[in-house]
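No gaps in the numbering here: position 12 of the sequence shown is 11 in numbering that gives the first Met the number 0, and each next residue is one more. Heads up: the structure comes next, in structure tokens.
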Amino acid sequence: MIQVQSTWFPLYDRNPQKFVTNIFRARDADYIPVTQRVFRSRRYPSHVTLPISTRAGAGGKPGSVHRTTVVSGGGDD
């Protein structure tokens, strides 16, 4: 499963999902729920490229990092 988000909360900051002049002064009423959509078809498949790291090896050294691409086709054209 891949989860698509429009914010890095709680790692960085909250996204009110609408324009405010200063995001750091956004009020509770400024935050609205939204639905993120990824459109796809056989002709125009969507894809996501993700960094994948392996577990740390002996001695706690990080494992290798490589990129993988997930392609989602299907659906109607």
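Ideal Cβ placement from N, Cα and C applies to all residues, glycine included. Note that the structure is a prediction, hence the values are computed from the model and not measured.
Where residue i falls, given that 16 or more other Cβ within 10 Å makes a residue buried
{"i": "Asp76", "result": "Bear in mind that the predicted position of Asp76 carries a pLDDT of just 48, short of 50, making it unreliable; the figure below should be weighed with that in mind. Result: exposed."}
Residue i versus residue j - alpha carbon distance
{"i": "Arg41", "j": "Phe23", "result": "41 Å"}
{"i": "Phe21", "j": "Asn14", "result": "Per the sequence shown, residue 21 should be read as Asn rather than Phe. Distance between the alpha carbons of Asn21 and Asn14: 11 Å."}
{"i": "Arg26", "j": "Gln16", "result": "12 Å"}
{"i": "Val37", "j": "Ile31", "result": "20 Å"}
{"i": "Asp12", "j": "Asp29", "result": "14 Å"}
{"i": "Thr34", "j": "Pro50", "result": "25 Å"}
Simplified DSSP assignment, three categories, for residue i
{"i": "Ile22", "result": "helix"}
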